[in-house]
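Residue numbers for the sequence shown follow our numbering, beginning at 79 and rising by one.
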Amino acid sequence: GRRIDGQEFLMDTMARQERFYSNNNTYTTDLTLLGITDVDGDGAIETRDEFYTITAATCDGATPLTACVLITATPQGGQVGDGNLTLNSRNIKTGNW
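Written out as structure tokens, the structure is:
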């Protein structure tokens, strides 16, 4: 289904985050630094089939980017009922995987 679009993009983005971390000892919320070029003005990217937007943030307000990053896939259009999918750098997933 369409949920796989969000799941695949989350996993790809996290792999890019891990490569970035290995070179910089920190994660990033700036997805352009991961080699993703189609980032819009609010820092989000659309998945290949445009069913989800992807953003990156700290895992929570107290955890620095040197320790953890949270990537969120927010559903668009007909996918909204599915709710968000998240994956963090500790391999914790939320949503309907």
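Note that CB positions come from ideal geometry on N, CA and C, so glycine has one too. Just so it is clear, the structure is predicted and the values come from calculations on it, not from any experiment.
Asked: Start-to-end residues for the beta strand (DSSP E) that takes in Tyr130; Found: 130-136
Asked: Unbroken alpha helix (DSSP H) run spanning Asn102, endpoints; Found: 81-102
Asked: Endpoints, beta strand (DSSP E) assigned at Thr150; Found: 147-153
Asked: Beta-carbon proximity check, Leu88 vs Leu163, cutoff 8 Å; Found: yes
Asked: Exposure label - Pro153; buried when at least 16 CB within 10 Å; Found: buried
Asked: Meets three-Cβ-pair contact criterion under 8 Å: the segment 85-101 and the segment 135-142; Found: no
Asked: Cβ neighbours of Thr150 in the same chain (closer than 6 Å, five flanking residues each side left out); Found: Thr133, Asn162, Thr164
Asked: Contacts around Ile114, its chain only, beta-carbon distance under 6 Å, and the 5 residues preceding and following it disregarded; Found: Ile123
Asked: Contact belief for Asp160 with Thr125 at Cβ below 8 Å, rounded distance in angstroms; Found: Not a contact, Cβ separation roughly 13 Å.
Asked: CB contact flag (Tyr130, Gln95, <8 Å); Found: no
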